[in-house]
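Numbering (my numbering), first residue to last: 14 to 519. Every residue gets a Cβ at the ideal spot worked out from N, C-alpha and C, and that includes glycine. On a predicted model such as this, the values are computed, not experimentally measured, just so you know. Below you'll find the structure, written out as structure tokens, and then a few comments.
Spelled out as structure tokens, the structure:
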């Protein structure tokens, strides 16, 4: 039972982590919580998901490398830290660090992580700071072994759960650490502890965890965050999205049901229900979070987004010369808008594919250039044109404002903004890091006021009814809280902060 051993070539970096809890190469932060920046304007980052989880049980396979590629496919769900835990049946070894999956893991490290069970995680912090201690998988010794766990989502009764632990029992400041401590403190094994603890947990959680001999997966009773089960030739995989199954050559079996605990070992897959299913899948997964090549409820996300674009064109038509997307998030809906409207689809921006994540704080001069490091307009394509610009959502509005300004400076005659989601007016407490309601532009301004703020000629959002129709899911099976303020799980005021456990320690 070893947490964070010293794989070949990693001893120096591990020593730095243990002493400073933050690698020396990633020192630039975008705000007080230590989050690394990936946007020129750190105050206008796009919506971020909590993380991605991946687990595999496959004797005879290189499970660490399968997990690496699975996490690579899920990198869009979290870019702050990454980790892999592996068991050979006798002990669990965990390796994790700050940074992207490809930055954290090199082949010599993966070669030292030997076993037949693995759990992987890539993180974006929605509770707790972005520091080494809060990276996952978390690790815990138990009465008869040890436990490693990865979590996608956000719990809303963390203080209540933490009160069940003894003082000094937490080594990190996340809801995941609390959950890991509770699962590791029970008697009778991890499975028994999970069946005792999970009914007490409120909020969003898709979990992949393991002891030395068994892989487990669980999903909250509402099924807010996604989790799927896949089949390998000689094993099983669980992952946040079907795209990760595709990457490692696994066949999709089914979604993990809300309120279900899966146990995977040499006997196969066993299912136990710990709570009644009350499905409320996240609607924003369709809008932004999930990869377009992922399927949700049997329908590809790409098909849904293209359909949203068609519906958007019917709801908000306008005479124009060209439909262009905000790359890449607006592309599927822009395709659908162009198909439905008959207006040509074209490329209005060149995107720098190498900008994904920068660790250098922009100076004020550079920041004033807006988003040009990532996007630059194609002047020849847009000069003198009436443009329809399609994007997936507006959070604070700074990015869209800069885009409208760039297009006008490049000679666009008119700029009509179309958004393939309803106004984001309410924060999310279940695992997507939206701004507070006060910071959300749609939480304070009308659509006409937002249009004026952006400087667009017209602005149109798809309606909530049409977005839901495009998913082909019943309305009552979706969480729509960020759009309509109706939260499927009540959230107490004292459970809404990102840094609850840190503040409690002060």
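Cα-Cα separation between residue i and residue j, rounded to whole angstroms
i, j, result
"residue 489", "residue 481", "10 Å"
"residue 238", "residue 497", "18 Å"
"residue 113", "residue 442", "25 Å"
"residue 387", "residue 346", "20 Å"
"residue 365", "residue 348", "21 Å"
"residue 385", "residue 417", "12 Å"
"residue 353", "residue 492", "28 Å"
"residue 204", "residue 305", "34 Å"
"residue 567", "residue 288", "Nothing about residue 567 can be reported from this structure: the residues present for the chain run from 14 to 519 only."
"residue 68", "residue 357", "43 Å"
"residue 350", "residue 324", "8 Å"
"residue 176", "residue 170", "10 Å"
"residue 499", "residue 118", "41 Å"
"residue 227", "residue 212", "21 Å"
"residue 502", "residue 64", "20 Å"
"residue 425", "residue 434", "24 Å"
"residue 392", "residue 406", "25 Å"
"residue 223", "residue 76", "13 Å"
"residue 362", "residue 320", "23 Å"
"residue 486", "residue 317", "11 Å"
"residue 148", "residue 462", "41 Å"
"residue 505", "residue 178", "21 Å"
"residue 124", "residue 340", "37 Å"
"residue 268", "residue 360", "36 Å"
"residue 413", "residue 446", "19 Å"
Local conformation of residue i per DSSP, three classes
i, result
"residue 277", "strand"
"residue 502", "coil"
"residue 362", "strand"
"residue 35", "For residue 35, the pLDDT reaches just 31, beneath the cut-off of 50, and the residue's location in the model is therefore unreliable, leaving the point undetermined."
"residue 453", "coil"
"residue 493", "coil"
"residue 98", "strand"
"residue 133", "strand"
"residue 293", "coil"
"residue 331", "coil"
"residue 61", "Note on residue 61: pLDDT 44, under 50, position unreliable in the model; no value is reported."
"residue 458", "coil"
"residue 216", "strand"
"residue 423", "coil"
"residue 255", "helix"
"residue 299", "helix"
"residue 446", "coil"
"residue 230", "strand"
Rounded Cβ spacing between residue i and residue j (contact assumed at less than 8 Å)
i, j, result
"residue 96", "residue 150", "5 Å"
"residue 168", "residue 192", "7 Å"
"residue 437", "residue 465", "Contact flag wrong, Cβ pair sits at about 18 Å."
"residue 190", "residue 105", "The Cβ separation is near 16 Å, so there is no contact."
"residue 231", "residue 250", "That pair is no contact at about 15 Å."
"residue 242", "residue 266", "5 Å"
"residue 343", "residue 403", "4 Å"
"residue 107", "residue 152", "5 Å"
"residue 274", "residue 208", "7 Å"
"residue 479", "residue 298", "Between residue 298 and residue 479 the Cβ distance is about 17 Å, and since that is not below 8 Å, they are no contact."
"residue 415", "residue 396", "With a Cβ gap of about 19 Å, residue 415 and residue 396 do not count as contacting."
"residue 94", "residue 109", "6 Å"
"residue 99", "residue 252", "Contact doesn't hold; Cβ gap of about 16 Å is too wide."
C-beta neighbour in chain B for residue i, strict 8 Å
i, result
"residue 201", "Note that chain B does not occur in the displayed structure, where there is just one protein chain."
Identity of the residues DSSP links to residue i by a beta bridge
i, result
"residue 163", "221"
"residue 396", "None; residue 396 has no bridge partner."
"residue 430", "402 and 472"
"residue 268", "241"
"residue 306", "Answer is none; residue 306 lacks a bridge partner."
"residue 249", "70 and 244"
"residue 154", "159"
"residue 389", "363"
"residue 82", "Paired residue(s): none; residue 82 is not in a bridge."
"residue 312", "309"
"residue 110", "95"
"residue 285", "274"
Q. How about the region 256-263 and the region 286-301: do they share at least three Cβ pairs that are nearer than 8 Å?
A. no
(Q) Check whether the region 426-434 and the region 275-282 touch, using three or more Cβ-Cβ pairs below 8 Å as the test. (A) no
Q) Can at least three beta-carbon pairs, one atom from the region 152-160 and one from the region 73-92, be found at a separation below 8 Å? A) no
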